[in-house]
Each structure stands twice: as C-alpha cells, then as structure tokens.
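Working notes, structure below.
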Amino acid sequence: MGMLSGSIPWYTMMVLHKKIPMLKRVDDTMAVFHTHAVAGSLGGILAGFFANPKLNRIFYLVDDWEHYIGLAYGFQSGRASAGFRQMGVQLLGISFEAYALWGDGEKYESRINSAYGAEDFPPAVSKGELEMA
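Residue numbers (the UniProt record's numbering): 1 to 133.
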C-alpha cells in the first residue's frame, strides 16, 4: 500500500496531468488534486482490498463482523461476495466529497467546542468589558 500510495499519485501528477486535456486546463501548482483526491481514493480502495477481518470487527462493532472482509481475504477464504461488499462500502465512501456543493460557500462557525458542552464556557463578554476588567 505504501509503494502504491506514493507512486500512483506521483505518476498522475507528473505524467497523466500533462497528457489528459481536462487536467491540462487545471492550474494545480501544489498538486492538491493528486495528493488528496488520487491518494485518498487509492487509500480507500486499497483498504477495502486488504481489510483484515479482525480489524473490521473493531470498526463495525456488529455481531456479524465476519461478513465485512477485504476482497483479498474474501478470495482466500472463498467468501468473495463479502469482499465485494466491503469494496462497495469503500467505493460508496469515496463517492461522497468533503465539500458542501450545495451551500454556496457558507461557513458555519461554532462557538462551542465539540469536546465540551456550552456550560463549560463563560458567557460572551464585549471587548469593552474585557478592557475594564
């Protein structure tokens, strides 16, 4: 996985980026597409291929954890359908992007830290009150 996750994004950045017309039109100076989209998708696919059944038990926390195995383990144990199911889960996860495409760039900022509740924070004070204190 390590060799593939380093060499395939490099190949797409150095070779394919110069050959594919659509990628030629994109100004990706810092290779963000290749280091995030290509490497992240590749990691998701390879994780579905090499997913260890015992580690999946920890992740899924369900009684029928034997049904969630990597495709390589599925071929080895004769349960390829369970391996294809895991690959489907991985591909479904890859298909959802990390961007709010429908939010028109809206940003939601929270004043409450997710690790603590609102009661752990003092009430908001104005700048003038802080200077007087």
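Glycine included, each C-beta is placed from N, C-alpha and C at the ideal position.
Inter-residue spacing [alpha-carbon to alpha-carbon] between residue i and residue j
i, j, result
"ALA80", "LEU4", "23 Å"
"GLN90", "ASP27", "29 Å"
"MET87", "ARG25", "32 Å"
"ILE69", "ARG85", "8 Å"
"LEU92", "TYR11", "25 Å"
"ASN56", "GLY83", "12 Å"
"PHE96", "ALA37", "11 Å"
"PRO9", "ALA39", "6 Å"
"GLY2", "ILE45", "13 Å"
"MET13", "GLY6", "11 Å"
Where residue i falls, given that 16 or more other Cβ within 10 Å makes a residue buried
i, result
"VAL15", "exposed"
"GLY48", "buried"
Nearest neighbour of residue i, chosen from the options [CA to CA]
i, options, result
"ILE94", "GLY2, LEU42 and MET13", "LEU42"
The stretch 56-76 touching the stretch 20-36, judged by at least three CB pairs closer than 8 Å: No, the stretch 56-76 is not in contact with the stretch 20-36.
Segment contact, 8 Å Cβ cut-off, at least three pairs: the stretch 58-70 with the stretch 15-22: As far as the Cβ criterion goes, the stretch 58-70 does not touch the stretch 15-22, which means the pair count is below three.
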